[in-house]
Amino acid sequence: MQTLPVTTVNRQAIINMPAEEFRTIGHALIDQLADFLEQLPGKKVTKGLTPSEVRKSMGADNHLPENGSDAATLAQQATSLLTDHSLFNGHPKFLGYITSSPAPLGAMADFIASLTNPNCGAFILSPVATEIELQCIRWLSELIGYQKGCGGVLVSGGNMANIVAIWAARKNMAQWNIREEGLTEKGLKFTLYATQQVHTWLHKTADLFGLGLQAIRWIAMDDSQRMDVQALDKQIQEDKAAGFIPLAVVGTAGSVGFGTTDPLAGIAAICKKHNTWFHVDGAYGGLAAALPELQEMFEGLKDADSIAIDPHKWLYCPLEAGCTLVRDPNLLADAFSFHPAYYQFDKVGDETPVNFYEFGPQNSRGFRALKVWMVMQQAGRNGITEMIRDDIALSKQLFNELKKQKNIEVYTDDLSITTFRYTPDNAPSNEQEKEEWLTRLNTALLNNLQKNGELFVSNAMLDGKYLLRSCIVNFRTSLEDIKGIPKIIVRYGQEAEKELKG
Ligand SMILES: *Cc1c(COP(=O)(O)O)cnc(C)c1O
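Given below as C-alpha cells:
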C-alpha cells in the first residue's frame, strides 16, 4: 500500500495562515501602509536609482531559499522595500506620463478582490463579481454619455481596451468567415486610419493582426494636432477605389502627447458615410466627457462603435483597469465566444448568465471591477467630475504660471496636459544651433529632474521641438504644488546649463 506523506494528516500547508495570524499581520501591515500615506508628500517622487542600485537594495543575486520564512517579517520587509524604493505616482508632484494617483479605497478593493478571489471568467465562478462588473460597465458608459444597452469588458489597460475593440471590429467588418478562414487575401486589404498623435497600441494592433504597419493610413492634422476630416474622407475614398477595405477609423479623445481630441462628430459622419467602424481611443481623455462644460469637445463620442477608457487613469484606480465599450454586447461575443466541452456555463437555473470569458481574450479573469465600482461610489458622479475639473484647472494654472516665468516658453495646454521648455537668454542666435542646444539642455534638465525626484514631468515632441510635458491625473496635486514649479524648472535649467558648458 502506498503511504501518504505525514504532512497530509491534519494538513497545515506552509502558506496557510490561520485567521488569528492573518489578523495580527494584517493590522501591522495596515499600520505600516498608513504611515507611508502620511509620509508620502514629504518624500521624493523617486530616488532615481539605476537597475544595479535597485538590485543591490533587494539582494537580487540571492537564490530561492530552500526553506520558507516568517510571513510577518516578509510582509513588513516587502512593504519597506516598496515604500522606500518605488517611484510614487501617488505623490502630489508626480505629473509625468498619464498614470494616476491611486485611490486608497481602490487599493483596499484589490485586497478584498484577491482574498475572495472570484474567477470573473464565468458567472458560476464569480456570481457577485460578474454582476458588479456588469454594473460597473453600465456606470462607466452612463458617466461618459455612451449608448444605452452597450456592452463592455474590463481589461488590463488602455492598450488592451483598444486592441479588444479593433478585434471586435475585425470580426464585424469582415464579410467572410474570418474566424474559420483567417485573413485570406481580402483581410490583407484591411486598412486603419489615425493621425500621428495616436498611441502606439495601433502599431501593435496592426502588427498583431497580421496587417502590417503599412495598413495604417496616416491622416493629416490641422494646426492644433486634430484629424483633418476632409483628408480622412478623401483617403477612404481612394482606398475603396483601390480595393482596400477600411476596417476602422481611430479618433483620439485626449491624445497622449498633448491632450487634444479629434473632431469626433466629423469622423463619425465620415464613418457612417463609408460604412466603416468608428473607434474612439479615450484611454486618457474619455472620462472627461463626464464634464458638462466639455460637451462640445466630445460631441460624436456617443456615435462610436467602440470606445476605450482607462479607469486606472482619470478614475484614479490602482493599476490595472482598462475598459472596452462597444455599442452592442453581441459584437464582443461574435469576436470572442467559443464553447469548449469542459465549460457547462450556459444556464444557471433557467436563466442565461453573462460569462465574461466570452467577451474578451482572457479566460481566467481577476476581479478588476471591484476597485472601479467602489471608487466610483465613493466619489459619485459629482466627485468624479470635480476631481477631473480640478486637474484641468490646475493644469491651466500651471500653464499661466510658467508663461509668466522668465526663461520659460509655453506651448500647448489641453485637458490636463501642458507643454513648455526652458529657454535661457544666451541661446545661440542661429535657428538650427539654437534648437539643438535647447534640445540638449532640456533633455539634461529632465534627466536630472527625474533622477532627483523633486518633481516628475516627462517630455513631448512638437514640430521637431523637444518639450517638457506635465500631465495632472492626480487628486493629490494642489495649487501650492503648482506654484513652486516654474522656479524648480529654472533652477534645474540653470544647473543643466552649467553641466553642459562645464
Ligand atoms: C495611456 C494611453 C494608452 C495606453 O493605455 P495603457 O493603460 O497604458 O495601456 C492608449 N491611448 C491613450 C490615448 C493613452 O493616453
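Note that the sequence shown covers residues 6 to 507 in my numbering. Quick reminder that beta carbons are idealized off the backbone N, C-alpha and C, glycines included.
Check: beta-carbon Val261 near ligand 1 non-hydrogen atom, thresh 6 Å; Outcome: yes
Check: For His96 and Asp486, the rounded distance between their alpha carbons; Outcome: 10 Å
Check: Proximity winner among Thr428, Ser421, Arg445, Leu34, relative to Glu414 (alpha-carbon distances); Outcome: Thr428
Check: Whether Ala326 touches Arg386 by CB criterion (7 Å); Outcome: no
Check: Neighbourhood of Val380 by C-beta distance below 7 Å, restricted to the same chain and skipping five residues each side; Outcome: Ala108, Leu110, Gly111, Leu320, Tyr321, Cys322
Check: Cβ-Cβ distance between Ala258 and Gly290 below 7 Å; Outcome: yes
Check: Rounded straight-line distance, which links the Cα of Phe350 to that of Lys49; Outcome: 50 Å
Check: Contact test: Gly163 Cβ vs ligand 1 heavy atom, cutoff 6 Å; Outcome: yes
Check: Candidates Gln81, Thr417, Glu43, Gly458: closest to Lys52 by CA position; Outcome: Gly458
Check: Buried or exposed (CB count within 10 angstroms, at least 16 for buried), His317; Outcome: buried
Check: CB-CB length for Glu440 against Lys470, believed under 8 Å; Outcome: 7 Å
Check: Val11, DSSP secondary structure in three states; Outcome: helix
Check: Burial state of Val59 (16 or more Cβ within 10 Å); Outcome: exposed
Check: heavy atom of ligand 1 below 6 Å from Ile103 C-beta; Outcome: yes
Check: Span of the alpha helix (DSSP H) around Trp172; Outcome: 163-178
Check: Assigned exposure category for Lys307 - 16 Cβ within 10 Å defines buried; Outcome: buried
Check: Secondary structure of Phe425, DSSP reduced to three states; Outcome: strand
Check: Closest residue to Ala313 among Pro358, Gly256, Tyr362, Gln367 (Cα-Cα distance); Outcome: Gly256
Check: Gly264 beta carbon less than 7 Å from that of Asp419; Outcome: yes
Check: Closer than 7 Å to chain B by CB, Lys352; Outcome: Of the protein chains in the structure, only one exists, and it is not chain B.
Check: Per-residue burial, Val169 [other beta carbons within 10 Å of its own, 16 or more giving buried]; Outcome: buried
Check: Nearest-angstrom beta carbon gap, Ala295 and Ile389 [assumed within contact, 8 Å]; Outcome: 6 Å
Check: Beta-ladder partner(s) of Asp419, from DSSP; Outcome: Ile422
Check: 7 Å Cβ shell around Asn453 - same chain, five flanking residues per side excluded; Outcome: Tyr497, Glu500, Ala501
Check: Beta-bridge pairing of Glu414 - partner residues as DSSP gives them; Outcome: Arg426
Check: Proximity winner among Leu446, Thr266, Asp315, Asp339, relative to Ala288 (alpha-carbon distances); Outcome: Asp315
Check: Heavy atom of ligand 1 within 6 Å of His284 beta-carbon; Outcome: no
Check: Spatial neighbours of Leu451 in its chain, beta-carbon cut-off 8 Å, leaving aside the 5 residues before and after; Outcome: Val462, Ser463, Asn464, Leu473
Check: Simplified DSSP assignment, three categories, for Trp181; Outcome: coil
Check: Integer-rounded CB distance, given that Phe128 should sit under 8 Å from Asn360; Outcome: 6 Å
Check: Chain-order list of residues whose beta-carbon lies under 6 Å from that of Ala77 (same chain, five-residue window excluded); Outcome: Ile30
Check: Secondary structure of Arg28, DSSP reduced to three states; Outcome: helix
Check: Stretch-stretch touch, CB-based, cutoff 8 Å, three pairs: the stretch 77-93 with the stretch 477-485; Outcome: no
Check: His208: CB within 6 Å of a non-hydrogen atom of ligand 1; Outcome: no
Check: Alpha-carbon spacing of Cys328 relative to Met22, whole angstroms; Outcome: 34 Å
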